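A.B. asks:
Shown next as structure tokens:
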């Protein structure tokens, strides 16, 4: 039973006093204080009141030690992604934290990506992945880095390390944005996504390299989605030859116009 610890934790995370919560729930402050101290035992109606107020299921308030969750997991819970409320819509993410209980960024390199689709939900598998930090990223969100292969996403080079933000609810996938998609059959793919989940139960995946045709992926084949945040590469991008050629042609035209104007002024 974690009820007393959980309601106190959630109250403090919201920056609310006991008076604030008691007034919102239309109960006396000593009653709320008794619940938080374990002196009083809430009845069913009181449990439902707390559940509605915090947006957390009664079962979660009672059975889950919220203090053991990471910051990103707590943030997801507070946004309404509760396993007892959302059921299968909640995607439980295996993760690792540092000694200060802050989320690590796990690195899935090319070698590890072969087994990631099978081990992504296994805490023991995730624990063996290398970890690092990117201090400019939010501590309230969960990130993971994947090494990509091939040239389908040029100008992002082959073997780049692409970092993504975990997407809990796939209904929030934004069209024409890049995502890392973990699939059951094809492993880890990095593509620009067109969501057709509501209409057809599919994602349409596009490459940045026009030589590769888009293809459709049934949502049932998807196990994880990560929104592209940034990438790291040791390769210097190749010059944009088309852009350079266009600039040279414009410069040449300007010089020709200038020469014509000079002749007309004579």
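In the numbering used here, the protein residues as written are 54 to 319. Glycine is no exception: its CB is placed at the ideal position from the N, C-alpha and C atoms. Just so it is clear, the structure is predicted and the values come from calculations on it, not from any experiment.
1. Residue 231: buried (16+ other C-beta within 10 angstroms of its C-beta) or exposed?
2. Are the region 175 to 191 and the region 224 to 240 touching by the rule of at least three beta carbon pairs closer than 8 angstroms?
3. Report the residue from 119, 87, 172 whose alpha carbon sits nearest the alpha carbon of residue 161.
4. Within 8 angstroms, do at least three Cβ pairs link the region 273 to 289 to the region 211 to 223?
5. What first and last residue would you give for the alpha helix (DSSP H) that runs through residue 84?
6. Following the continuous alpha helix (DSSP H) through residue 252, name the residue where it begins and the one where it ends.
7. Quick check on the DSSP output: the beta strand (DSSP E) that includes residue 197 runs from which residue to which?
8. Return the CA-CA distance between residue 270 and residue 250, expressed in angstroms with no decimal places.
9. Helix, strand or coil: which one does DSSP assign to residue 100?
10. Over what stretch of residues does the alpha helix (DSSP H) that includes residue 179 continue unbroken?
11. Return the residue from the list 130, 198, 123 that minimises the CA-CA distance to residue 109.
12. Apply the 10 Å Cβ neighbour rule to residue 202 and answer buried if 16 or more other Cβ atoms are within range, or exposed otherwise.
13. Give me the Cβ distance between residue 285 and residue 214, rounded to the nearest whole Å; I'm assuming they're in contact under 8 angstroms.
14. Use the C-beta contact count for residue 63: other C-beta atoms within 10 angstroms, 16 or more gives buried, fewer gives exposed.
15. Rounded to a whole number of angstroms, what is the C-alpha to C-alpha distance between residue 211 and residue 204?
16. DSSP beta-bridge partners for residue 156?
17. Please state the DSSP three-state secondary structure of residue 209.
18. According to the neighbour-count rule (16 or more other Cβ atoms, all chains shown, within 10 Å of its Cβ), is residue 307 buried or exposed?
19. I need the straight-line Cα distance from residue 142 to residue 132, nearest angstrom please.
20. If you drop the 5 nearest sequence neighbours on each side, which residues of the same chain put their C-beta closer than 7 angstroms to that of residue 125?
21. What does DSSP give as the partner residue(s) for residue 226 in the beta ladder?
22. Taking 6 angstroms as the limit between beta carbons, can you name the residues of its chain near residue 287, skipping five residues before and five after?
C.D. replies: On the basis of the data shown:
1. buried
2. no
3. 172
4. yes
5. 82 to 90
6. 250 to 253
7. 196 to 200
8. 10 angstroms
9. helix
10. 176 to 180
11. 130
12. exposed
13. 4 angstroms
14. buried
15. 6 angstroms
16. 150
17. coil
18. exposed
19. Note that residue 142 has pLDDT 46, beneath the 50 cutoff, so the model's placement of it is unreliable and the number below is only indicative. Roughly 13 angstroms between the two C-alpha positions.
20. 156, 193, 194, 195
21. The partner list for residue 226 (beta bridge, DSSP) is empty, contrary to what the question assumes.
22. none
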